[in-house]
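See below for the structure under consideration.
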Amino acid sequence: MSQDDYIAKQERAISSITSLLTGLRKLSLLHIDINQESISKWQEDNITPIQKDILKVPTLEDWREYLADIPQRLTLYWDTLRQRGDNTLTYQAEDRPLLLKFDYEVLINGRDLPEPCNYSLLEIKPLPGQVINKKLQPIVVVDPRGGHGAGIGGFKEDSEIGESLRAGHPTYFISFSYSPVKGQTLETITKAQAVFIEEVIRRHPKHDKPIIIGNCQAGWAIMLLASERPELPGGIIINGAPLAYWSGVTGRNPMRYAGGLMGGAWGTRLASDLGNGRFDGTWLVTNFENLNPANTFWGKYYNLYSKVDTEPSRFLDFEQWWGNPVLYNSEEIEAIVDELFIGNRLTNSGLGGQNKIFRNIESPIIVFCSSGDNITPPQQALNWIIDVYPNDLDLKKAGKTIIYLQHHSIGHLGIFVSGTVARREHRQLIASLDAVKALPPGLFEMIIKDVKDKQGNVIDHQVIFETRSIKDLETGDTDGREDEKVFSLVSRISETNSNLYEWLIRPMMRLFISEPEAQYLRDANPFHVNQVAWSSINPMTWWLPGAAELVKANRRPVRADNPLLAWQEALSNNITNVLDVYRDTRDSTQEMCFYSVYGMLNALTNSQANYLEQSTVNQSKELTHRLENSLTQGDVQDATIRILLLLANEAGMVDRDFLAGFVQHYRETKNYNSLTDRKALREIINLQSLLVFTQPEESLNTLTNLLPSLEVRKEVLESVAISEPALIQTNDKTQALWLKINDILLGEAAKSVPAIKKVAPVKKAVAPAKNKVTPSAKQTVTKPATAQKAKPKVTKKPVADTVSSKITKPKTATKVAKKATKANNSIKKNNL
């Protein structure tokens, strides 16, 4: 090494250390602000009841009533905990059956496959009164194996399975049992799930490929499946699924530091060896609960106590699912932690060294995440898109459509189990399946707007897809991605420590731990002890069943306006705030330790994360030449789609009802069940979208080459005007673009073209019901979504006949056109 190189290296090291110290200083100031905010909230919650005069002095009668209620309430509370323990023991004695609120039939048991596993394919039976429309696209819900018990996708009616059945879709469920098959690996599970999807496709050969829904762990699992077998899914919906594990916001997402603070994945190997080669999912559940000690140690139990007359049923249902974690083979959990949680190889280097494997996925992808999710924050759910597709052109050139829906407050479990989320977000996701098929390549945000009546009650929802860019995702990661660089060093240290453990400790652990010892250690976990200690096997609880029945027969709950309840609530809030302050202090300390240790090591080794070194992808000469040739090639269908895309691109959004109507029309006027025909439509949309994105002016000016006849041009413009007046009237830019399109296609004849009538503001949007598409209430003229059942208009001219078969032309096109012309003529002067 020359002297200059040596000096440059030392200068880089000094610069790195200086940057580290500056970053740590900013981080410490951030932590101070966070902790001050927690303390301020604590103080505010203590002062507010006094300021609002909520804490009143109770009377003797208030005390008598409150003290009489306490023993009754405690008896019911303790009896509910006893029932939880008994339910757990009964569930274990029954070999832990699947917890579903729906009847089902097992189609394939994974244990019977050539490479057996503990997964199964179930066909879900509809509830009484529900009718399954076999013409609809089948939906497959994949149960997440994230440590907790099986059945999260359908352990109550307001769930993903429930919404799928409500919409009339043939519904299937991929579930798992408690104990894995010996030798089962992630690859084994992926192969089994591929067999399950193939069976669903076989049962519905004339319809679109199934939509696959995956929650949390199942989300990245089906993404891997779709990467290896891209021909299987017809669409993917992933809810709360972490795919970019190093991402997050400083000061808000502490769970990503756990691997580094533990020194890597050697702890996972130790836990597996203590389980005789099987990892207890209880540890994953405990990690989740530790994120929110206020809820774990106080909130959920106080909620049960304060609502003991109404809450036990919900509490017991949730605890039976949550309180019975499953097992993993050591090979499974080690691969998950090494490759995903710590290695981040899904988007970094890819599993098995396959770089950016998600580029293989062909079907549209919908990502549902939440800002309130502390397990999978939006950055972990979305940053993989940036890693795989560095810019918008790269995404569009690949022909990929990605939509994301972001909730602003719901927590991780709420994404899957909340009835409110199921009735709103999941219902609209399922209702949007047809619309998604017509979206062009690119990135979109799905926006759900509540439609309210005069009293402010939500009566419906309007769904739109707003255009987004890769830069929007980068902006969403508010503190940037520089903080992720040190995680590559964590991965290397983890690999070293894991190797040392396997060489020095694992052989001895396997000699001393057998299945009886492993089962004893599982039963002795505090998580399980807390449940069983309250069960009927504890002789101290013998009196609870009879006492609870007696209390229910003579129940006298305290009045809701008793002032002592306000004091009780204030005390509960105080305890919650104390635990929140503890949580924030703990998380701040851990985060500071993490960046102090690994940040210093990173500065000294000058380690860099290769996947962050992304270069802008420029248009290749081949792509440019292909696009230039495509500008003047195409027919009526290409031109119509290009016009709609130009308008949508100018509007920056597309309404779901229009997209669903487009697909419905194509389905009825074309042999949509033909795979070749569906691919042809998708290729046209992909190509025209790429042309509009890269060469918008040229795409507009070359429309005349696609529509050589004036008669055909008029037909196309009339069809677009009738089918989507709301899109044309979105804003001043879209109106100006529409006039420009008329000028280009019609020239002087454009002056005689009727203006488009301005539509009324949106008051109510009606989502498509099952196989039928309902028009949005924001339109004042008939949309194609309401008129797709009819045959298109037929004329004697060959050119016009071509138009009628390839453009969106409702049954009553002639009548509608006359009405539209009459209405437009009345305001023609104002618009033109």
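Here the working numbering is used: position 217 in the sequence shown is 223, and no number is missing along the way.
We put the CB at the ideal spot given by N, CA and C, even for glycine.
Any idea what DSSP makes of Gln412, helix, strand or coil?
Residue 412 sits at position 406 when you count from the first residue of the sequence shown. DSSP places Gln412 in strand when its eight states are reduced to three.
Taking DSSP's pairing of strands, which residues face His467 in a bridge?
Taking the sequence shown and counting its residues from 1, one reaches residue 467 at position 461. The partner list for His467 (beta bridge, DSSP) reads Asp456.
Using the Cα positions of Pro211 and Lys685, report the straight-line distance between them to the nearest angstrom.
Residue 211 sits at position 205 when you count from the first residue of the sequence shown. Residue 685 sits at position 679 when you count from the first residue of the sequence shown. Cα-Cα distance, rounded: 16 Å.
What is the residue span of the alpha helix (DSSP H) that Cys599 lies within?
Start at 1 with the first residue of the sequence shown, and residue 599 comes out as number 593. Residues Pro569 to Thr611.
Under 7 Å between C-beta atoms of Pro446 and Ile180:
Working through the sequence shown from its first residue, we reach residue 446 at position 440. Working through the sequence shown from its first residue, we reach residue 180 at position 174. Cβ atoms of Pro446 and Ile180: not closer than 7 Å.
Is the beta carbon of Asn330 sitting closer than 7 Å to the one on Gly155?
As a working mapping, residue 330 is identified with position 324 in the sequence shown. As a working mapping, residue 155 is identified with position 149 in the sequence shown. Yes.
Which same chain residues end up closer than 7 Å to Leu651 when comparing Cβ atoms and leaving out the 5 residues on each side of it in sequence?
In the sequence shown, the residue the question calls residue 651 occupies position 645. The answer, listed in chain order, is Pro446, Gln694, Ser695 and Val698.
DSSP beta-bridge partners of Thr473:
Taking the sequence shown and counting its residues from 1, the one referred to as residue 473 is at position 467. Thr473 pairs with Phe450.
Taking the straight line between their C-alpha atoms, what separation do you get for Trp573 and Gln49?
Position 567 of the sequence shown, counted from the start, is the residue given in the question as residue 573. Position 43 of the sequence shown, counted from the start, is the residue given in the question as residue 49. The straight-line gap from Cα to Cα measures roughly 16 Å.
When the Cα atoms are used, what is the spatial distance from Leu87 to Trp327?
Locating residue 87 in the sequence shown gives position 81, counting from the first residue. Locating residue 327 in the sequence shown gives position 321, counting from the first residue. If I take the Cα positions, the gap works out to 15 Å.
Asn282 by DSSP, collapsed to three states: which one?
As a position in the sequence shown, residue 282 is number 276, starting the count at 1. Correct three-state label for Asn282: coil.
Rank Thr54, Asp59, Thr700 and Ile219 by C-alpha distance to the C-alpha of Leu399 and give the top, closest one.
Within the sequence shown, residue 399 is the residue found at index 393, counting from 1. Among Thr54, Asp59, Thr700 and Ile219, the Cα nearest to that of Leu399 is on Thr700.
Find out if the Cβ-Cβ distance for the pair Ile6, Ser376 is shorter than 7 Å.
Outside the shown range of the chain (7 to 838) lies residue 6, about which nothing can therefore be said.
Could you work out which residue in Asn124, Ile45, His37 and Ile76 is closest to Leu571 when comparing CA atoms only?
Within the sequence shown, numbered from 1, the residue matching residue 571 stands at position 565. Comparing Cα-Cα distances from Leu571 to each of Asn124, Ile45, His37 and Ile76, the minimum goes to Ile76.
Nonlocal neighbours in the same chain, by C-beta distance under 6 Å from Asn380, ignoring five residues either side
Locating residue 380 in the sequence shown gives position 374, where the first residue counts as 1. Excluding sequence neighbours, Asn380 sits near Leu297.
Extent of the continuous alpha helix (DSSP H) run through Tyr178
Your numbering for residue 178 matches position 172 in the sequence shown. First-last for Tyr178: Thr177 to Phe182, but that is the beta strand (DSSP E), not the alpha helix (DSSP H).
Between the C-alpha atoms of Pro150 and Gln643, what's the straight-line distance to the nearest angstrom?
Translated into the one-based positions of the sequence shown, residue 150 becomes position 144. Translated into the one-based positions of the sequence shown, residue 643 becomes position 637. The alpha-carbon atoms of Pro150 and Gln643 are separated by roughly 42 Å.
As a quick exercise: from Arg102, Arg528 and Cys222, pick the residue whose alpha carbon is nearest that of Pro383.
Numbered from 1 along the sequence shown, position 377 holds the residue referred to as residue 383. Across the set Arg102, Arg528 and Cys222, the C-alpha of Cys222 shows the shortest separation from the C-alpha of Pro383.
Do the CB positions of Gly2 and Asn503 come within less than 7 Å of each other?
The displayed coordinates of the chain run from 7 to 838. Any statement about residue 2 would go beyond what the structure contains.
Which one or two residues does DSSP pair with Asn245 in a beta bridge?
What you label residue 245 is simply residue 239 of the sequence shown in a count that begins at 1. Answer is Asn221 and Phe374, bridged to Asn245.
Euclidean distance between Cα positions of Glu451 and Leu290:
In the sequence shown, the residue the question calls residue 451 occupies position 445. In the sequence shown, the residue the question calls residue 290 occupies position 284. Roughly 31 Å between the two C-alpha positions.
Given this structure, state the Cα-to-Cα distance separating Gly486 from Arg258, to the nearest angstrom.
Position 480 of the sequence shown holds residue 486. Position 252 of the sequence shown holds residue 258. Spanning the two alpha carbons is a distance of roughly 14 Å.
Would a C-beta distance cut-off of 7 Å place Gly265 and Phe347 closer than the cut-off?
Along the sequence shown, read from residue 1 onward, the residue named residue 265 stands at position 259. Along the sequence shown, read from residue 1 onward, the residue named residue 347 stands at position 341. For Gly265 and Phe347, yes; Cβs fall inside 7 Å.
Can you tell which of Lys162, Ile519 and Thr177 has its C-alpha closest to the C-alpha of Lys131?
Numbered from its first residue, the sequence shown carries residue 131 at position 125. Closest option to Lys131, Cα to Cα, is Thr177.
Under 6 Å Cβ to Cβ from Lys828, same chain only, skipping five residues before and after it: list those, please.
If you number the sequence shown from 1, residue 828 lands on position 822. Unreliable positioning characterises Lys828 in this predicted model, as indicated by a pLDDT of 42, which lies under 50. The coordinate reading is nonetheless provided below. Excluding positions up to five away in sequence, the list is empty.
8 Å contact criterion, which Gln434 and Val457 should meet: CB distance rounded:
Against the sequence shown, residue 434 aligns to sequence position 428. Against the sequence shown, residue 457 aligns to sequence position 451. About 12 Å separates the two Cβ atoms, so there is no contact after all.
CA-CA distance, Ile342 and Val373?
By 1-based counting over the sequence shown, the position of residue 342 is 336. By 1-based counting over the sequence shown, the position of residue 373 is 367. Roughly 21 Å separates the two Cα atoms.
In angstroms with no decimal places, state the Cα-to-Cα distance between Tyr395 and Glu488.
Here residue 395 refers to the residue found at position 389 when the sequence shown is read from its first residue. Here residue 488 refers to the residue found at position 482 when the sequence shown is read from its first residue. Distance between the alpha carbons of Tyr395 and Glu488 is about 18 Å.
Could you round the C-beta distance between Pro186 and Ile218 to whole angstroms and report it? I think they count as a contact, below 8 Å.
Here residue 186 is taken as the residue at index 180 of the sequence shown, counted from 1. Here residue 218 is taken as the residue at index 212 of the sequence shown, counted from 1. Contact doesn't hold; Cβ gap of about 22 Å is too wide.
Is Asn52 helix, strand or coil when you go by DSSP?
Within the sequence shown, residue 52 is the residue found at index 46, counting from 1. Here DSSP, grouped into helix, strand and coil, assigns Asn52 to helix.
To the nearest angstrom, how far is it from the Cα of Lys188 to the Cα of Asn335?
Counting from 1 along the sequence shown, the entry for residue 188 is found at position 182. Counting from 1 along the sequence shown, the entry for residue 335 is found at position 329. Between Lys188 and Asn335, the C-alpha separation is close to 7 Å.
Given a cut-off of 7 Å on the beta-carbon distance, is the pair Pro563 and Pro64 in contact?
Locating residue 563 in the sequence shown gives position 557, counting from the first residue. Locating residue 64 in the sequence shown gives position 58, counting from the first residue. Not a contact, by the Cβ cut-off of 7 Å.
At what residues does the beta strand (DSSP E) containing Ile130 begin and finish?
Start at 1 with the first residue of the sequence shown, and residue 130 comes out as number 124. Looking at the DSSP string, the run of the beta strand (DSSP E) that includes Ile130 is Tyr125 to Ile130.
Extent of the continuous alpha helix (DSSP H) run through Ile436:
As a position in the sequence shown, residue 436 is number 430, starting the count at 1. Its alpha helix (DSSP H) spans residues Arg433 to Ala437.
For Asn41 and Ser594, I'd like the C-alpha separation in whole angstroms.
Taking the first residue of the sequence shown as position 1, residue 41 is located at position 35. Taking the first residue of the sequence shown as position 1, residue 594 is located at position 588. Each residue's Cα considered, the two are about 8 Å apart.
Within a Cβ cutoff of 8 Å, which residues of the same chain sit near Leu61, ignoring the five residues on either side of it in sequence?
Position 55 of the sequence shown holds residue 61. Around Leu61: Pro55, Pro569, Ala572, Trp573 and Ala576.
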